[in-house]
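*Asks:* Below is one structure. I have some questions about it.
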Amino acid sequence: MTLGGTLAFYTYSTYMQKFLVNTVGLVNADATLITFLALLIFAGLQPIFGLLSDKIGRKPLLLAFGALGTLFTVPLLNALQYVEDKWQAFWLILLALIIVSGYTSINAIVKAELFPAKIRALGVGLPYALTVAVFGGSAEYIALWFKNIGHENYFYWYITICIACSLFVYLGMQDTMRRSQLNNEPNG
């Protein structure tokens, strides 16, 4: 569940500034400015996507992230490579972050709603932390490694495959909006 969203988030947040400088050719100040602005808007979108999940359900948002992320990661990153100015880059990054919001805005509550409290800390917290550390933490390293060996676009496919794996998990899970483990807890 965490794999694709974490990798996409780290790509478009942590790694993006280096990508804009090293691949796109923007100056560091412009790369910093547009990533800051895109992330600022992205942060403001999180409660809006959370509210949307309260209206339509958690699963539709996760499915939208999984499907759109699978379909558009490669085209977005390929288009980003060839932008002609910083504002084109800004809009593409923002679009990518809007897609990722289908995961980031609700991933914590979905995990809380899927699993009872007695297993949440170890059974959910530990796998989540390991996934974030391994896949999120290595995103920049893997991206730069592919770039150094002359196959930067392989990283785009790596992200896409990871998002597709998460999509398959989302397809099989229940929607927790109405059936939540939190409802079974004394203070839930």
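Numbering (UniProt numbering), first residue to last: 1 to 188.
The C-beta atom is built at its ideal place from N, Cα and C for all residues, glycine as well.
Please read all numbers here as calculations on a predicted model, not as lab measurements.
(1) In whole angstroms, give me the CA-to-CA distance for residue 167 and residue 62.
(2) Judging by CA-CA distance, which residue of 84, 121 and 140 is the nearest neighbour of residue 24?
(3) Whole-angstrom Cβ separation of residue 6 and residue 160, contact assumed at under 8 Å?
(4) Run the CB neighbour count on residue 66, radius 10 Å, all protein chains shown included, and call it buried at 16 or more, exposed below.
(5) So for residue 140, helix, strand or coil by DSSP?
(6) In whole angstroms, what is the alpha-carbon distance linking residue 141 and residue 98?
(7) Looking at the secondary structure, which residues open and close the alpha helix (DSSP H) in which residue 174 lies?
(8) Comparing alpha-carbon positions, which option in 151, 136 and 173 lies nearest residue 16?
(9) Can you tell me where the alpha helix (DSSP H) holding residue 16 begins and where it ends?
(10) Are at least three pairs of beta-carbons, each pair with one atom in the segment 144–161 and one in the segment 87–102, less than 8 Å apart?
*Replies:* Reading it off the structure:
(1) 8 Å
(2) 84
(3) About 14 Å separates the two Cβ atoms, so there is no contact after all.
(4) buried
(5) helix
(6) 24 Å
(7) Element bounds for residue 174: n/a, residue is neither H nor E.
(8) 136
(9) 16–19
(10) no
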